[in-house]
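*Asks:* In terms of this note's numbering, the sequence shown opens at residue 2 and continues consecutively.
Backbone N, C-alpha and C fix where the C-beta goes; we use that ideal spot for every residue, glycine too.
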Amino acid sequence: MMGAMVSEETRTASSTTMRGPAAATDASPASGTRAWTTRLIVLGIVLAALNLRPAITSLGALLEEVRDGLGMSGSVAGVLTSVPPLCFAVFGVMAPRLARRFGPGAVVCAGMVAITAGLLIRPYAGSTPAFLVASALALMGIAVSNVLMPVIVKRWFPDRVGTMTGLYSMALALGTSTAAAVTVPLTDALGGNWQSGLAVWAALAAAAVLPWIPFVRDRRAPSAEAPARERVPALRITRSRTAWALAVFFGLQATAAYITMGWMAQIFRDAGVPASTAGLLLAVTMVMGVPLAFVIPRVATRLPHQGPIALVLGVCGLAGYAGLYFAPAAGAWAWAVLLGISNCAFPLALTMVGMRARTGAGVAQLSAFAQSTGYLISIPGPLLVGVLYQHSGGWGLPIALMTALMIPQMAMGVLAGRNRTVEEEAAR
């Protein structure tokens, strides 16, 4: 698959972006160099995407062991589950400025180094504060890479945004589900030591550093390759209704995803489903994102309006929540599949980030704004679900909240899916 895409991408790049003697023949040294560079950037994108969630899902799999090992209180553990979106919001804002100064490739490379260091340090930190600081280091690397992935795609693959967004979304989903599924067996294989079970993921992050090293000295800003007539000053992104719609859509889909990851297994267990089966159901929900994360962006880029996809995903979510309320155990597998489909609003949001801006600079600003604002919006959701569950003694109110949040998510998806760009709106 990668070879076919690179070959096709190379042909597209040769016919549309190369100029002068280097474009005179496909057999020229410049053409061969560009082909290898393209292959390297594809490899870098895939490896980076694989590392954007294991720091979170591997910890979730071993949270009880980590709490016991560090003497962590339940309230601190609850705060720990809200740290990822907070870090994504705070550090993600920095990504465009860093990319303008150092180049996006250098920032992503530094992000992979930060993930590696954080994952390697935190299991052996020895105290809860040090564990949190090391986790924040890894999450900082994830945050800037999160924001810059759409920028990298827009810059290197302007004619293949859907395909490449699908590729890295699929890799991201694969990394998420794999870390959740294999962290406990890996820990058992390593002698049952939770520290080794968490630290092993640093090896994958270290591998992701290597493809980005050749791009460290590429200091061009995200808009450096755009024609002069397309270069624009920093946008007043908050003036764009599309940017706000995309930010709220991103935040609400993230809220739904974090609620699902944090609470769905418990809903099934409280309904009488065995713990092992509940874990499998959660894994099914997460695995659904692997194939669909590749398909949805490719379909989205072929449509003039992405709103219908947001509606279909929302309807699947509503059906899944209805099932959890009326027959959580009887139709458990169906609800897991439906919620897995609904959670694929994430790759749709990433695709729309790349489509709602004309230039690399616009994508960088939009990606930072939508993701940072969106992750801030997502922070209270999982905590509120826990509060409602604790005080009501059941899942009726939490599921009602999830259902209610899906309605504005669908509406914002329709607004964000309209065929317009933030440059047009911010200039008005």
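1) Given 8 Å as the limit, is there contact between the stretch 46 to 57 and the stretch 204 to 220, that is, 3 or more CB pairs closer than that?
2) Using three-state DSSP, classify A25 as helix, strand or coil.
3) Within a Cβ cutoff of 8 Å, which residues of the same chain sit near Q196, ignoring the five residues on either side of it in sequence?
4) Report, in whole angstroms, the separation of the C-beta atoms of M411 and A311, which I expect to be a contact under 8 Å.
5) What did DSSP end up calling D271 once you bin it into helix, strand or coil?
6) Using the Cα positions of P130 and A365, report the straight-line distance between them to the nearest angstrom.
7) Could you check how far apart the C-beta atoms of R419 and T243 are, in whole angstroms? I think they sit under 8 Å.
8) With three or more beta-carbon pairs closer than 8 Å as the criterion, would you say the stretch 280 to 299 touches the stretch 381 to 390?
9) Runs of 3 residues minimum, wholly inside the stretch 116 to 203: which ones carry the beta strand (DSSP E) assignment?
10) Where F158 and M165 are concerned, what is the direct C-alpha to C-alpha distance, given to the nearest angstrom?
11) Do I116 and A100 count as a contact pair if the criterion is CB distance below 8 Å?
12) Going by the CB atoms, is the gap between I400 and Y322 shorter than 8 Å?
13) So what does DSSP say about C88, is it helix, strand or coil?
14) Name the residue from Y376, L377, I378, G355 whose alpha carbon lies nearest to the alpha carbon of V367.
15) Apply the 10 Å Cβ neighbour rule to E424 and answer buried if 16 or more other Cβ atoms are within range, or exposed otherwise.
16) Have a look at I42, L41, A62 and flag the residue whose alpha-carbon is nearest the alpha-carbon of A284.
17) Within 10 angstroms of its Cβ, does G414 collect 16 or more other Cβ (buried), or is it exposed?
18) Less than 8 Å separating the beta-carbons of T302 and A181?
19) List in chain order: all unbroken alpha helix (DSSP H) runs of 4+ residues lying wholly within the stretch 326 to 413.
20) Rounded to whole angstroms, what's the CA-CA distance from L349 to L187? Just pull it up for me.
21) Would you tell me roughly how many angstroms separate the C-alpha atoms of V148 and V109, rounded to the nearest one?
22) Considering only C-alpha positions, which residue in the set V338, Q307, I268 is nearest to F327?
23) For L53 and R237, I'd like the C-alpha separation in whole angstroms.
24) Verify whether the separation of the beta carbon atoms of A337 and T278 is less than 8 Å.
25) Please list the terminal residues of the continuous alpha helix (DSSP H) segment that includes G418.
26) Using 10 angstroms around the beta-carbon of G106, count the other beta-carbons present and answer buried if the total reaches 16, otherwise exposed.
27) For M113, name the three-state secondary structure that DSSP assigns.
28) Looking at the unbroken alpha helix (DSSP H) that takes in M289, where does it start and where does it end?
29) Is the CB-CB distance between L440 and G324 below 8 Å?
30) Between the beta-carbon of L205 and the beta-carbon of G198, is there less than 8 Å?
31) Determine, using beta carbons only, whether P409 and L253 come nearer to each other than 8 Å.
32) Expressed to the nearest angstrom, what Euclidean distance is found between the alpha-carbon atoms of A137 and A246?
33) Run the CB neighbour count on G142, radius 10 Å, all protein chains shown included, and call it buried at 16 or more, exposed below.
34) With a threshold of 7 Å on Cβ separation, who are the neighbours of A118 within its own chain once the five nearest residues in sequence on each side are excluded?
35) Kindly indicate which residue of L416, A333, L351, V162 has the alpha-carbon position closest to the one of G273.
*Replies:* To lay it out plainly:
1) yes
2) For A25, the predicted model reports a pLDDT of 38, less than 50, meaning its position is unreliable and no value from the coordinates is stated.
3) G70, P124, Y125
4) 6 Å
5) helix
6) 33 Å
7) 7 Å
8) no
9) none
10) 7 Å
11) no
12) yes
13) helix
14) For clarity, residue 367 is Leu in the given sequence; the question names Val instead. Minimum Cα distance to L367 is reached at G355.
15) buried
16) A62
17) buried
18) no
19) 333 to 343, 346 to 356, 361 to 379, 381 to 393
20) 32 Å
21) 10 Å
22) I268
23) 29 Å
24) no
25) G418 -> no alpha helix (DSSP H), and no H or E assigned at all.
26) buried
27) helix
28) Premise fails: M289 is in no alpha helix (DSSP H) and is neither H nor E.
29) The requested residue 440 does not occur in the structure, where the chain is confined to residues 2 to 429.
30) no
31) yes
32) 28 Å
33) buried
34) L138
35) A333
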